[in-house]
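Everything below concerns the one structure shown next.
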Amino acid sequence: MERIAVAGNIEAPIYKLLLDKGFKISIQGEYWVAKNNNFEAIADNIIELTGIIYLRENKGKNWKASDDVIDNYIDFLKMNEK
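Numbering (this note's numbering), first residue to last: -13 to 68.
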């Protein structure tokens, strides 16, 4: 099984991927911003930025979670508290 972990060596390939997908990337103050013709994503870092873009690409404009999904997520967090 292949493993990839969050580390500095994933940021350049992510940057290239986002450029190849047609996003313009900028850093504005503390935030990373990705823009294309019809969408803008803002995050604290390029990894979070990619997650937001992935969410939007897969869920579209209806990306928000239902109450059931939120409840399941909260239950998951509670089960995994340390």
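For every residue, glycine included, the Cβ atom is placed at its ideal position computed from N, Cα and C.
Output the boundary residues of the alpha helix (DSSP H) element that contains residue i.
{"i": "isoleucine 13", "result": "That residue, isoleucine 13, is in no alpha helix (DSSP H); its beta strand (DSSP E) goes 10 to 14."}
{"i": "asparagine 58", "result": "53 to 65"}
{"i": "glutamate -3", "result": "-3 to 6"}
So for residue i, helix, strand or coil by DSSP?
{"i": "lysine 21", "result": "strand"}
{"i": "alanine 29", "result": "strand"}
{"i": "isoleucine 39", "result": "helix"}
{"i": "lysine 45", "result": "helix"}
What's the gap between the Cα of residue i and the Cα of residue j?
{"i": "phenylalanine 9", "j": "methionine 65", "result": "37 Å"}
{"i": "lysine 68", "j": "aspartate 61", "result": "14 Å"}
{"i": "glutamate -3", "j": "alanine 20", "result": "14 Å"}
{"i": "asparagine 58", "j": "asparagine 23", "result": "34 Å"}
Using the Cβ count rule (16 or more neighbours within 10 Å means buried), how would you classify residue i?
{"i": "alanine 27", "result": "buried"}
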